[in-house]
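Data first, discussion second: the structure below is written as C-alpha cells.
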Amino acid sequence: AQSVTQPDIHITVSEGASLELRCNYSYGATPYLFWYVQSPGQGLQLLLKYFSGDTLVQGIKGFEAEFKRSQSSFNLRKPSVHWSDAAEYFCAVVGGYQKVTFGTGTKLQVIP
Amino acid sequence: DTEVTQTPKHLVMGMTNKKSLKCEQHMGHRAMYWYKQKAKKPPELMFVYSYEKLSINESVPSRFSPECPNSSLLNLHLHALQPEDSALYLCASSQDPASGSYEQYFGPGTRLTVT
Numbered sequence: 004a005q006s007v008t009q010p011d012i013h014i015t016v017s018e019g020a021s022l023e024l025r026c027n028y029s030y031g032a033t034p035y036l037f038w039y040v041q042s043p044g045q046g047l048q049l050l051l052k053y054f055s056g057d058t059l060v061q062g063i064k065g066f067e068a069e070f071k072r073s074q075s076s077f078n079l080r081k082p083s084v085h086w087s088d089a090a091e092y093f094c095a096v097v098g099g100y101q102k103v104t105f106g107t108g109t110k111l112q113v114i115p
Numbered sequence: 007d008t009e010v011t012q013t014p015k016h017l018v019m020g021m022t023n024k025k026s027l028k029c030e031q032h033m034g035h036r037a038m039y040w041y042k043q044k045a046k047k048p049p050e051l052m053f054v055y056s057y058e059k060l061s062i063n064e065s066v067p068s069r070f071s072p073e074c075p076n077s078s079l080l081n082l083h084l085h086a087l088q089p090e091d092s093a094l095y096l097c098a099s100s101q102d103p104a105s106g107s108y109e110q111y112f113g114p115g116t117r118l119t120v121t
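Here the protein sequences come in this chain order: A and B.
Take the first sequence: its letters are residues 4 to 115, numbered as in my numbering.
Take the second sequence: its letters are residues 7 to 121, numbered as in my numbering.
Structural data, given as C-alpha cells:
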C-alpha cells in the first residue's frame, strides 16, 4: 500500500528566507507525486507534479521540488518565502486507480 | 480554465434534514471525487466517479449518497447526518483516467455543520 510521510507538522520561517518542506513516500512502482497548498477554509491548489523525466520540477508561485528515488523523497523548496505563502502544504502520491494518498500536512508560518 | 465550483459554500443542517452538495466542472474531466476533511487533517477520499459510474466507495455510511448526473456534475446527498459529520467537503476532478493523467483539481469546498 502507498503511504506519504511529512515529518514536519509545523515550520516557521522568516520572510525572505529559503524554505524546504520534506516528503517521503512509499510506493512499489514509479510514483506519481504532487504538492498541494491549502489556505485556511479553502480548497487545495496544485503546486507541482512529478510523473517521470527530469527529477527537478518547477511549479507555480516560485516553488520547485526534487524527486530522489534513492531516498524515496520529494521535497518542496522555495528560495525566498513571501508572507502570502503561509498555508498548509500537502504532499500526495497517486497509486492504483486514481486513489490519492495525502501526507498529514505541514503548516507553514511566515514571520516578518 | 481549471475551475471546480461547489455550492453552497456553507451549510448548517439538523440531524433530520435532507440536503445536497453540488459540484461542477467544465474542463472535460471524466473522473470526479468527493473528499471529507476534518480540521488539521488531510482530505479523506469518500467516492470516485469515473465516466459517470461509481468506481470507488471508501466504505462511506449510507447517509451519504453520491450522484453523477452527467460528466460535469457531481452531487452528494445528505440525510440523517451526525454531528461528527461536520467537516469541509471537497470535490475534485481529473482528466480521462485512461490517459494516465492523475492530477486532481479541487473546488473551494462546502463547510458543513450538523447541529
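The C-beta atom is built at its ideal place from N, Cα and C for all residues, glycine as well.
- Task: Using the Cα positions of TYR111 (chain B) and VAL10 (chain B), report the straight-line distance between them to the nearest angstrom.
- Result: Reading the second sequence from its first residue, position 105 is the one you call residue 111 (chain B). Reading the second sequence from its first residue, position 4 is the one you call residue 10 (chain B). Their backbone Cα atoms lie some 7 Å apart in a straight line.
Task: Helix, strand or coil at GLU90 (chain B) according to DSSP, with G and I counted as helix - done: Translated into positions along the second sequence, residue 90 (chain B) becomes position 84. GLU90 (chain B): helix per DSSP, three-state reduction.
query = Should GLN61 (chain A) be labelled buried (16 or more other beta-carbon atoms within 10 Å of its own) or exposed?
reply = Translated into the one-based positions of the first sequence, residue 61 (chain A) becomes position 58. GLN61 (chain A) is exposed by the Cβ-count criterion.
Q. Sorry if obvious, but does the Cβ on ASP88 (chain A) come closer than 7 Å to a heavy atom of the ligand ADP?
A. This structure simply doesn't include the ligand ADP, nor any ligand for that matter.
Could you check if LYS42 (chain B) is buried or exposed, using at least 16 other CB atoms within 10 Å of its CB as the buried criterion? Taking the first residue of the second sequence as position 1, residue 42 (chain B) is located at position 36. Buried is the call here.
Requested in this report: Under 8 Å by Cβ, that's how I've got ALA89 (chain A) and GLN112 (chain A) pegged, so tell me the actual separation to the nearest angstrom.
Outcome: As a position in the first sequence, residue 89 (chain A) is number 86, starting the count at 1. As a position in the first sequence, residue 112 (chain A) is number 109, starting the count at 1. Confirmed, Cβ separation roughly 6 Å.
CB contact below 8 Å: PHE53 (chain B) versus chain A:
The sequence position of residue 53 (chain B) within the second sequence is 47, counting from 1. Output row for PHE53 (chain B): interface = no.
Three or more C-beta pairs closer than 8 Å, one from the region 51–71 of chain A and one from the region 12–27 of chain B: is that the case here?
-> no
Among residues of its own chain, excluding the 5 on either side of TYR35 (chain A), which ones have a beta-carbon nearer than 6 Å to its beta-carbon?
-> Position 32 of the first sequence holds residue 35 (chain A). PHE54, VAL97, listed in sequence order.
Let's see if you can read the secondary structure: which residues bound the beta strand (DSSP E) around ASN27 (chain A)? Start at 1 with the first residue of the first sequence, and residue 27 (chain A) comes out as number 24. Looking at the DSSP string, the run of the beta strand (DSSP E) that includes ASN27 (chain A) is 27–29.
Check your understanding: Helix, strand or coil: how does DSSP classify ARG116 (chain A) here?
Key -> Any property of residue 116 (chain A) remains undetermined from this structure, which presents chain A solely from 4 to 115.
Looking only at its own chain, which residues have a Cβ that is under 6 Å from the Cβ of ALA86 (chain B), when we skip the five neighbours before and after it?
Walking along the second sequence from the start, residue 86 (chain B) turns up at place 80. Answer for ALA86 (chain B): ARG69, listed in chain order.
- Message: If you measure between the beta carbons of CYS94 (chain A) and PHE66 (chain A), is that distance less than 8 Å?
- Response: As a position in the first sequence, residue 94 (chain A) is number 91, starting the count at 1. As a position in the first sequence, residue 66 (chain A) is number 63, starting the count at 1. Going by C-beta atoms, CYS94 (chain A) is not nearer than 8 Å to PHE66 (chain A).
Which residues mark the beginning and the end of the beta strand (DSSP E) in which HIS83 (chain B) is found? As a working note, residue 83 (chain B) is residue 77 in the second sequence. Element bounds for HIS83 (chain B): 79–85.
- prompt: Which residues, in chain order, does the region 54–80 of chain A contribute to contact with chain C at a C-beta distance below 7 Å?
  reply: The displayed structure is made up of protein chains A and B, and chain C is not among them.
Q | Rounded Cβ spacing between GLN9 (chain A) and CYS26 (chain A) (contact assumed at less than 8 Å) | A | Locating residue 9 (chain A) in the first sequence gives position 6, where the first residue counts as 1. Locating residue 26 (chain A) in the first sequence gives position 23, where the first residue counts as 1. That belief holds up - the Cβ atoms of GLN9 (chain A) and CYS26 (chain A) are roughly 6 Å apart, short of 8 Å.
Q.
So with CB distances below 7 Å, who are the chain B contacts of LEU49 (chain A)?
A. To locate residue 49 (chain A), count along the first sequence from 1; it is residue 46. Here the neighbours are GLU109, TYR111.
Looking only at DSSP bridge pairs, what is PHE66 (chain A) linked to? The sequence position of residue 66 (chain A) within the first sequence is 63, counting from 1. In DSSP, PHE66 (chain A) forms no bridge with anything.
Give the C-beta separation of SER78 (chain B) and ARG36 (chain B) to the nearest angstrom, bearing in mind that I take them to be a contact with Cβ-Cβ under 8 Å. The sequence position of residue 78 (chain B) within the second sequence is 72, counting from 1. The sequence position of residue 36 (chain B) within the second sequence is 30, counting from 1. That pair is no contact at about 10 Å.
Whole-Å CB distance - GLY1 (chain A) paired with LEU96 (chain B), under 8 Å assumed
Nothing about residue 1 (chain A) can be read from this structure; chain A reaches only from 4 to 115.
**Study point:** Other residues of its chain near SER83 (chain A): CB distance less than 6 Å, five sequence neighbours each side excluded
**Key:** Locating residue 83 (chain A) in the first sequence gives position 80, where the first residue counts as 1. Same-chain partners within the cutoff: GLY19.
#### Entry: Neighbour-count burial assignment, LEU79 (chain A), 16 or more Cβ in a 10 Å radius
The sequence position of residue 79 (chain A) within the first sequence is 76, counting from 1. Buried, since its Cβ has 16 or more Cβ neighbours within 10 Å.
Cβ atoms of LEU51 (chain B) and THR116 (chain B): under 8 Å apart, would you say?
Working through the second sequence from its first residue, we reach residue 116 (chain B) at position 110. Working through the second sequence from its first residue, we reach residue 51 (chain B) at position 45. Cβ distance not < 8 Å, so THR116 (chain B) and LEU51 (chain B) don't count as in contact.
### Query
Quick one: is TRP86 (chain A) buried, meaning 16 or more other Cβ sit within 10 Å of its Cβ, or exposed?
Indexing the first sequence from 1 puts residue 86 (chain A) at position 83. With fewer than 16 Cβ atoms within 10 Å of its Cβ, TRP86 (chain A) is classed as exposed.
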